[in-house]
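First comes the structure, then the notes that go with it.
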Amino acid sequence: MVTKNKKLGCWVDEMTTLCQPDNVVWCDGSKDEWSSMWDILIKSGTAKKLDEKKRPNSYYIRSVPADVARVEDRTYICSEKEEDA
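Our numbering runs 1154 ahead of the 1-based position in the sequence shown.
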């Protein structure tokens, strides 16, 4: 996909140079792209399609436990009442 927006194109080029990604993917919002995205997430184990009859067009997403910023022993929850924490 090529954009007609010169400013956006320049920004993408700049970020590509700066970040050096393996590839750049332009999203077009098509149904094929949507299906492809979910196929990748399901095959990788990140997502699981839920029962279509009970939960149409719904997915369960799993995060990678190591991919979180918090650590339980250093997590603070502040609430007015202890039972709300």
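Idealized CB from N, CA, C, for every residue including glycine.
query                                                                                   : result
Val1178 versus Trp1188, Lys1185, Arg1228, Trp1165, residue with shortest Cα-Cα distance : Trp1165
Which of helix, strand or coil DSSP assigns to Lys1202                                  : strand
Coarse secondary structure for Ile1231, derived from DSSP in three states               : coil
C-beta contact flag for Lys1203 and Tyr1213 at 7 Å                                      : yes
Inter-residue spacing [alpha-carbon to alpha-carbon] between Glu1187 and Thr1171        : 25 Å
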